[in-house]
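So the structure is just underneath, and the comments pick up after that.
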Amino acid sequence: MPKKTPQEPITVGFIALGCPKNIVDSEKMLGKIAQADLLITAEPYSADVVVINTCGFIAPAADEALQAIRHALDCKTAGKVKKVIVAGCLCERLRTELFNRAAGIDAIVGLGQRDAIAGIIKKTFHRDKSAAYLQTSSQKVADDRARLLITPGHWAYLRISEGCDRRCSFCTVPAIRGRFRSKPRKEVLAEAAELVRAGAIELNVIGQDTTNYGRDLKFKNGLSKLLGELEKITGIAWIRLMYLYPAAITDRLIETIAKSEKTVHYIDMPIQHINDKILKDMRRPDTKERICSLVENLRRNLPDIVLRTTLIVGFPGETEDQFDELLKFVKWARFDCLGSFRYYPEYGTPAAEMHNQVPDQVKQERLEQLMLTQQKIAFKKNNERIGSKLSCLVDSVDNNGIGRGRFYGQAPDIDSICIIENCLVKPGQFVDTKVTAAKDYDLIVKQI
Ligand code: SF4
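With our numbering applied, the sequence shown covers 411 to 858.
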């Protein structure tokens with residue numbers, strides 16, 4: 411690769427992996443890179459420097475990250491790339507072991523060093539020795555303002571906290587992201603206002619445990635009060651709550667959502683399982699009785715509520731009967747959206763040390779059976795919506811005038827969509843529609 415003249419900017423390719431919280435980190439790093447006379451290229455694997463922001467909370471995510479890293483290293487060997495920098499959660503989990511897992515990495519960057527990425531790129535580009543930029547994650551929540559958005563701009567993620575104080579026995583997140591800490595209210599509101607000025611009308615509120623917001627700031631009912639303040643920001647149409655901890659959803663929060671004009675009647679609350687013994691072994695305070703009454707309470711107070719959850723199958727010791735109990739619960743609860751994982755024994759977690767691990771094949775069979783059960787429910791619910799009217803936020807329109815958008819009950823990137831026939835409005839605008847059909851998980855609607 412020819413030597414760069416001082417005038418020529420270093421080109422940077424960026425690979426953003428992982429969950430919405432990691433997307434926010436990627437957007438912040440892209441913001442820092444763009445502000446630092448570095449040139450972000452659309453062809454990441456032919457840039458001077460490739461930065462891969464990794465996920466690492468379970469084995470498949472770590473494998474995906476290592477695959478992207480190894481591909482970048484192959485490009486380096488082929489002379490298409492000069493330097494490879496790895497950032498994010500996998501760096502927190504593996505630390506310098508990462509150099510052994512993927513020989514040739516030039517720098518690894520921990521979560522605490524996120525905002526120093528531009529300087530690290532320049533230093534790495536001009537150095538031949540590899541380096542590790544790791545430090546214990548700071549007790550302060552990073553400031554996420556001045557991001558370069560990866561999301562389309564009319565919607566964005568608003569991270570209100572970092573880390574988690576819960577100790578679910580299967581989860582690596584607290585070890586990766588540290589103790590729970592709320593982002594100061596003023597910063598959240600300033601960030602929300604900045605996103606709205608940049609064109610966002612939908613804010614998706616995220617954190618590892620959004621329900622815990624304010625607890626560390628002695629700010630009682632923190633999430634409800636924060637919603638009340640976000641509500642006052644002109645220009646926001648939709649506020650969506652993600653990652654709510656079931657046991658921490660209060661009547662006060664439900665009331666706040668019911669009274670709000672902007673907080674959509676959509677709740678994402680990972681419950682993970684329903685059997686009391688499994689929940690106890692997961693070290694989750696929920697019980698079957700409490701979860702069922704929460705679902706009923708939500709539907710009673712928010713009749714048009716759309717519920718999303720996440721379930722784990724094959725947790726150590728899970729018997730056929732306990733799995734059947736989970737299936738029966740899914741049929742009873744009729745969630746609108748449901749994601750499910752096979753259990754992965756992650757080193758460093760208590761559950762990985764448990765005996766009676768469930769064989770992989772059994773886990774896979776249970777996962778397929780669970781998702782098939784949910785598919786029937788989702789398809790039936792979709793058919794029940796035919797003929798109804800929905801206000802959709804348009805995310806894109808193709809050359810044939812076919813729009814892709816979402817009604818309030820569909821979160822971006824993880825849920826199904828509305829396919830809008832003869833869509834005459836632009837992305838980022840709302841359109842009144844009528845549901846004419848269902849196509850698998852998606853709804854077919856026409857503009858009215
Ligand atoms: S609440 Fe979520 S992030 Fe926190 S330990 Fe449990 S599963 Fe992990």
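Ideal Cβ positions, reconstructed from N, Cα and C, are used throughout, including at glycine. Keep in mind it's a predicted model, so treat the numbers as computed, not measured.
For ASN832, no alpha helix (DSSP H) segment is defined, and its DSSP state is neither H nor E. Within the stretch 576 to 651, the beta strand (DSSP E) runs of at least 3 residues that lie entirely inside it are, in chain order, 612 to 616, 648 to 651. Not one heavy atom of the ligand SF4 lies closer than 7 Å to the C-beta of VAL804. When C-alpha distances from LYS550 are compared across ASP808, ILE787, THR697, GLY573, the shortest belongs to GLY573. Shortest Cα-Cα distance from SER436 to any of LYS493, ALA556, ALA600 involves ALA556. Spanning the alpha carbons of MET652 and ILE858 requires a straight line of approximately 30 Å. Shown here, TYR655 sits in coil according to DSSP, grouped into three states, outside any helix or strand. THR729 has its alpha-carbon roughly 42 Å from the corresponding atom of ILE560.
Sequence-distant partners of VAL804 (beyond 5 residues in either direction) whose C-beta falls short of 8 Å from its own C-beta, in its chain, are GLY813, ARG814, GLY815, ILE830, CYS833, VAL835, LYS836, PRO837, GLY838, GLN839, PHE840, VAL841.
The stretch 528 to 543 makes no contact with the stretch 574 to 589; the number of CB pairs closer than 8 Å stays below 3. In its chain, beyond the 5 residues on either side, no residue has a beta carbon closer than 6 Å to the beta carbon of ASP731. Set against 7 Å, the gap from the CB of CYS578 to the closest heavy atom of the ligand SF4 is smaller. Per DSSP, the continuous alpha helix (DSSP H) segment holding LYS669 begins and ends at 661 to 669.
In the assembly as shown, THR843 is a buried residue. Its beta-carbon has 16 or more other beta-carbons within 10 Å. In this structure TYR623 is in contact with SER571, their Cβ atoms being roughly 6 Å apart against a cut-off of 8 Å. For LYS635, the closest alpha carbon among the candidates ILE646, THR621, THR644 is that of THR621.
Not one heavy atom of the ligand SF4 falls within 7 Å of the beta-carbon of GLN784. ALA457: not part of any beta strand (DSSP E); DSSP gives it neither H nor E. Under DSSP, the beta-bridge partners assigned to ALA517 are ILE495, ALA541. The C-beta distance from GLY520 to GLY428 rounds to 15 Å, too long to fall under 8 Å, and the pair is not in contact. Taken through DSSP and simplified to helix, strand or coil, ILE812 comes out as coil. In this structure SER703 is exposed. Its beta-carbon is surrounded by fewer than 16 other beta-carbon atoms within 10 angstroms. Taking a 10 Å sphere around the C-beta of GLY724, we find 16 or more other C-beta atoms and assign the residue as buried. The residues HIS675, TYR676, ILE677, LEU708, ARG709, in chain order, have a CB closer than 8 Å to that of ILE715 in the same chain once the five nearest residues on each side in sequence are set aside.
In this structure, GLU612 places its C-beta atom within 8 Å of the C-beta atom of ALA647. For SER798, the secondary structure class from DSSP, reduced to helix, strand or coil, is coil. Taken atom to atom, the span from the alpha-carbon of ILE664 to that of ALA512 is near 47 Å. CA-CA distance, ALA585 to VAL434, rounds to 19 Å.
Spanning the alpha carbons of PHE733 and ARG776 requires a straight line of approximately 8 Å. Remark: the shortest separation between the CB of VAL772 and any heavy atom of the ligand SF4 does not fall under 7 Å.
If you draw a straight line from the Cα of TRP565 to the Cα of ILE616, it comes to about 13 Å.
A contact is defined here as three or more CB-CB pairs under 8 Å, and the stretch 464 to 474 meets this definition with respect to the stretch 754 to 764.
Taking a 10 Å sphere around the C-beta of ASN793, we find fewer than 16 other C-beta atoms and assign the residue as exposed. Nearest to GLY609 by alpha-carbon distance, out of TYR851, LEU721, GLY645, is GLY645. TYR753 has its Cβ no nearer than 7 Å to any heavy atom of the ligand SF4.
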